[in-house]
Amino acid sequence: MHWADRIAKEIIASGKFKPYWVDDMKTPSGRIHVGSLRGMVIHNLIYVALLEQGVKAKFTWVFDNHDPMDALPVYLEKEKWSKYLGQPLFKIPSPDGKAENYAKYFADEFITVFNKIGCNPEVLWASDFYLSGKMNEDIRLCLSKADVIRKIYEGIYHKKLPTDWYPFQVVCPNCGKESTTKVTTWDGEKVTFECKVDAVDWTKGCGTKGKISPFSRKDHFAGKLPWKIDWVVKWKIIGVTVEGAGKDHMTAGGSHDIASEVCKKVLNYPVPYPIDYEHFLIGGKKMSSSKGLGVSAKEMSEILPPYLLRFLFVKTNYRQAIDFDPRGNLAIPDLFDEYDKAWEAYDKGGDEKLARTHVLSQVGKIPEKEKGFFVPRFRDIANFLSQGFSLDEIVGKLNESKGGKIDDSEMGIIEERVKYAKVWLENYAPEEYRFDMKDIKSINIKSLSEEQKKYLKAIPRIYNDGDTAESLQISLYELSKQLKIPTKDAFVAIYLAFIGKTHGPRAGMLLAKFGKKKIVERILEVTK
Ligand SMILES: [Zn+2]
1 MHWADRIAKE
11 IIASGKFKPY
21 WVDDMKTPSG
31 RIHVGSLRGM
41 VIHNLIYVAL
51 LEQGVKAKFT
61 WVFDNHDPMD
71 ALPVYLEKEK
81 WSKYLGQPLF
91 KIPSPDGKAE
101 NYAKYFADEF
111 ITVFNKIGCN
121 PEVLWASDFY
131 LSGKMNEDIR
141 LCLSKADVIR
151 KIYEGIYHKK
161 LPTDWYPFQV
171 VCPNCGKEST
181 TKVTTWDGEK
191 VTFECKVDAV
201 DWTKGCGTKG
211 KISPFSRKDH
221 FAGKLPWKID
231 WVVKWKIIGV
241 TVEGAGKDHM
251 TAGGSHDIAS
261 EVCKKVLNYP
271 VPYPIDYEHF
281 LIGGKKMSSS
291 KGLGVSAKEM
301 SEILPPYLLR
311 FLFVKTNYRQ
321 AIDFDPRGNL
331 AIPDLFDEYD
341 KAWEAYDKGG
351 DEKLARTHVL
361 SQVGKIPEKE
371 KGFFVPRFRD
381 IANFLSQGFS
391 LDEIVGKLNE
401 SKGGKIDDSE
411 MGIIEERVKY
421 AKVWLENYAP
431 EEYRFDMKDI
441 KSINIKSLSE
451 EQKKYLKAIP
461 RIYNDGDTAE
471 SLQISLYELS
481 KQLKIPTKDA
491 FVAIYLAFIG
501 KTHGPRAGML
511 LAKFGKKKIV
521 ERILEVTK
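Throughout the sequence shown, residue numbering follows my numbering, covering 1 to 528 in sequence.
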């Protein structure tokens, strides 16, 4: 059984967690990295599995746009943006000057990607919970039970908290920062606060002190609960009954333990069904969206077709780390192969779990099973393309391997794979697929004969702007006949001069790819 089906079954069998409301949350502090899609897809799959098991369920996604900006992404200018550090993300202007605010800009980018891979939760904004006044009653409760919350923290962290510690961060009415403020008393209506100069080491507070109401209202955001408490109150406000988190929040003594205790001892709200999922690594490394490290969800969605990106999360047990590096040797062709295997299992009625993985990876309608399953391998298509074959020629070759004529649906698959193979060849494929022009220093000019040099010198004469790979291939061939140099020697000269090898893809394709200017320059260098 697929893990998502098993979890859904377990949730239903427990008799608890009703009504089923699946949710997850994310702070849009910058370009959201691809790892965050993992939480999205895991929750989406459990939601889908619940529906398929015949129960009613809801699926929401909260953007914590009220969290402060706590680091500057590397792609933003320090001079312009560092003044916003410590302010709520939804109060900061959008980097493109068009979106409603900073948080919205990055959240929208992420929404586009998750919609594209078949996840369509109802999107909620944490700022709305505050500005609508929905949080106020529980803010009052948490401030009034500050001693209970203090004890929970102390019990789990084994560290004494000062008696003037309160679970709230006001937005400083003077400088607009929320990371720098500290609340020290609560009288049932107002808190005493100070905007401390040295509260954090990445931005400075302004020193303002005073008494202020912690309650937000329309057009006034007064401040927020600390993250772990805020998390729990949102569960209660929304009615969340199923929500997981990355494993670092879920370890013993971690954020989830605090949240669970607050559920029981402060809010009297049942702890949602937890799902502790593993990380997503790129080449063995963790990523950070606030620092702008790693591959963003958007970038990955441009490299892989939607179903394949979805498949990456569906195929891996949520408790296993995913380590996927698109730059890794043959990572993308391997992923396509794995996908095709699951597809075949579905089509031919093979391994049940694999077949289910295929079904759950689909975006939109699940395709009909077909007789005579034939799917052209991604790496074959990439290989043909790298050698300079045209689409027609590739189809001809695939007709041969199929042992029959490629039909319309197969043609659609080929065209799509050609599109993604071009992206892969251009950006991620290992050298043997790429045929980049080599640095002149690594070219062994001495190995070119006088005859070969003569041939190379003649190339600019037959190279016209606008020549295609095919037309160039013919002209290059004719040129060798004209100059009475064996065609093989002529083409070897091209490979030696441009890619430093004695063999390569079609010479016409190579020269079309490099363009006339670079070619003339290189020929002058190797023939002088
Ligand atoms: Zn301040």
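Don't be surprised by glycine CBs; every beta carbon is placed ideally from N, CA and C.
Residue j beta carbon less than 8 Å from that of residue i
i	j	result
Met40	Phe106	no
Phe110	Pro28	yes
Tyr420	Leu304	yes
Gly118	Pro306	yes
Asp108	Trp61	no
Ser260	Val271	yes
Asp276	Ile156	no
His33	Ala342	no
Phe63	Lys98	no
Lys513	Thr241	no
Leu281	Asp340	no
Residue i, DSSP secondary structure in three states
i	result
Ala458	helix
Gly515	coil
Leu143	helix
Trp534	Residue 534 lies beyond the residue range present for the chain, which begins at 1 and ends at 528; the question has no answer from this structure.
Phe215	coil
Tyr273	strand
Ala57	strand
Glu569	Residue coverage of the chain in this structure runs from 1 to 528, which leaves residue 569 outside it and unanswerable.
Asp23	strand
Ser296	strand
His158	coil
Glu590	Limits of the chain in this structure are 1 at one end and 528 at the other, which puts residue 590 out of reach.
Asp323	strand
Val503	Note that residue 503 is His in the sequence shown, not Val. Coil at His503, not helix or strand.
Lys177	coil
Pro306	helix
Ile233	For the sequence presented, residue 233 should be read as Val rather than Ile. Here Val233 sits in helix by DSSP.
Lys18	coil
Leu225	coil
Ile282	strand
Phe491	helix
Val62	strand
Val148	helix
Val314	helix
Val526	helix
Val171	coil
Status (buried if at least 16 other CB within 10 Å, exposed otherwise) for residue i
i	result
Gln561	Within the shown structure, residues of the chain are numbered from 1 to 528, placing residue 561 beyond reach of any answer.
Gln452	buried
Phe373	exposed
Ile440	exposed
Lys501	exposed
Val74	exposed
Leu524	exposed
Thr203	buried
Ala13	exposed
Met69	buried
Asp230	buried
Asn162	According to the sequence displayed, residue 162 carries Pro and not Asn. Label assigned to Pro162: exposed.
Val520	exposed
Met1	exposed
Gln87	buried
Range of the contiguous alpha helix (DSSP H) that encloses residue i
i	result
Ile212	Segment 209–212 is the beta strand (DSSP E) holding Ile212; no alpha helix (DSSP H) there.
Met250	247–250
Lys9	3–14
Val418	408–427
Glu338	331–348
Val242	Where Val242 is concerned, there is no enclosing alpha helix (DSSP H), given that its DSSP letter is neither H nor E.
Thr530	Nothing can be reported for residue 530: it is not among the residues displayed for the chain, which extend from 1 to 528.
Val262	255–262
Ile474	469–482
Glu432	431–434
His358	352–361
Glu400	391–402
Trp81	78–81
Range of the contiguous beta strand (DSSP E) that encloses residue i
i	result
Ala49	Not the beta strand (DSSP E): Ala49 falls in the alpha helix (DSSP H), residues 36–52.
Phe378	Segment 378–386 is the alpha helix (DSSP H) holding Phe378; no beta strand (DSSP E) there.
Glu194	191–195
Lys182	181–186
Residue i at chain C interface by Cβ criterion, 8 Å
i	result
Gly253	Here there is only one protein chain, and chain C is not present.
Heavy atom of ligand 2 within 7 Å of residue i beta-carbon
i	result
Thr208	This structure lacks ligand 2; its bound ligands are ligand 1.
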